[in-house]
Amino acid sequence: MSSYQIARDGQALGEFDESQIQEGLQTGYFQPTDWCWREGMSEWQVLDVVFQQSSAQPAQQMPKPMLATAVNPYAAPRANLVGRLPQTTSRVYVEKASAGSRLAAYILDLLVFFACFLPAGLMSETALGKSDLMLYVSFGLFGIICITNLILIATDGQTVGKRLMGIRIAQIEDSTKAGFIQIVFLRTLLGKGALGLIPLYSLVDILFIFSDDGRCLHDKIGGTHVVKVLS
Numbered sequence: 604m605s606s607y608q609i610a611r612d613g614q615a616l617g618e619f620d621e622s623q624i625q626e627g628l629q630t631g632y633f634q635p636t637d638w639c640w641r642e643g644m645s646e647w648q649v650l651d652v653v654f655q656q657s658s659a660q661p662a663q664q665m666p667k668p669m670l671a672t673a674v675n676p677y678a679a680p681r682a683n684l685v686g687r688l689p690q691t692t693s694r695v696y697v698e699k700a701s702a703g704s705r706l707a708a709y710i711l712d713l714l715v716f717f718a719c720f721l722p723a724g725l726m727s728e729t730a731l732g733k734s735d736l737m738l739y740v741s742f743g744l745f746g747i748i749c750i751t752n753l754i755l756i757a758t759d760g761q762t763v764g765k766r767l768m769g770i771r772i773a774q775i776e777d778s779t780k781a782g783f784i785q786i787v788f789l790r791t792l793l794g795k796g797a798l799g800l801i802p803l804y805s806l807v808d809i810l811f812i813f814s815d816d817g818r819c820l821h822d823k824i825g826g827t828h829v830v831k832v833l834s
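The opening residue of the sequence shown carries number 604 in the working numbering; numbering runs sequentially from there.
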């Protein structure tokens, strides 16, 4: 029997077989708008589409799930399942970002930073008073991009380039959003910056994108990987 990964609002509910999903739809634990995926599917789909025929059939008699404690009916859905559905803390199963999309995001980030210094690069030494102005404009644009990237990293685990390519940085353990310290200090400042001073390190780091898990050395240092944004 096929097993599906179930997610809601970008968070994992776990891995379940078809009978468990049907039971969850009948009891209300699963919502028709929850997302599901299994091997062989090209993309995530909502349960209402995949299990439309199954969920439309009358529910079979089965014991109602027993709760260990009283439950507030207006509370947010629990992450653990009860009754026949197993409790789980499974990781979010998402699709890894391709090497091409990661490389494109990296190039886009470089182009954005390069564009910031175009005004300074085009300033004329003979234009008295204008050279300083163009230099200030370049540093101003650079500051804006840095702040924008910091905000995107803190909220979504993305840079400008990664946002444009529809990918994000996530924790390797459960594919949830990586922390600011992980991305900025471990992954970027240490994994790219400090270690980048070692000869040939940057080249080896980039080549690791073609490894089996697609994780560069700075990903391994930060405990992260790059995945597609779940639409």
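Here a beta-carbon is modelled for each residue, glycine too, at the ideal position from N, C-alpha and C.
Check your understanding: Distance, Cα to Cα, Y632 vs Q774?
Key -> 27 Å
Point to revise | Rounded C-alpha distance that separates A781 from G817 | key: 17 Å
Exercise for review: Thinking T636 and V649 are a contact (beta carbons under 8 Å), I'd like their distance in whole angstroms, please.
Suggested key: 5 Å
Check your understanding: Run through DSSP, which three-state label would E621 get?
Key -> helix
**Study point:** Top-ranked residue by Cα proximity to G825, from I772, L806, I809 and G617
**Key:** I772
Point to revise | the stretch 703–710 / the stretch 733–749 touching (three or more Cβ pairs under 8 Å) | key: no
Point to revise | Beta carbon of F654 nearer than 8 Å to that of L616 | key: no
Check your understanding: Between W640 and T751, what straight-line distance do the alpha-carbon atoms span, to the nearest angstrom?
Key -> 33 Å
Check your understanding: Is it true that the CB of A718 sits closer than 8 Å to the CB of F738?
Key -> In the sequence under discussion, the amino acid at residue 738 is Leu, which differs from the Phe named in the question. Cβ distance not < 8 Å, so L738 and A718 don't count as in contact.
Check your understanding: Helix, strand or coil: which one does DSSP assign to C639?
Key -> strand
Exercise for review: Can you grab the Cα-Cα spacing for the pair I609 / L736, in whole Å?
Suggested key: 55 Å
**Study point:** Continuous beta strand (DSSP E) stretch holding A610: start and end
**Key:** S606 to R611
**Study point:** Collapsed DSSP secondary structure at L616 in the structure displayed
**Key:** strand
Point to revise | L753 and V763 closer than 8 Å at C-beta | key: no
Review point. For the candidate residues I770, H828, L789 and G760, whose alpha-carbon lies nearest to that of E776?
Key: H828
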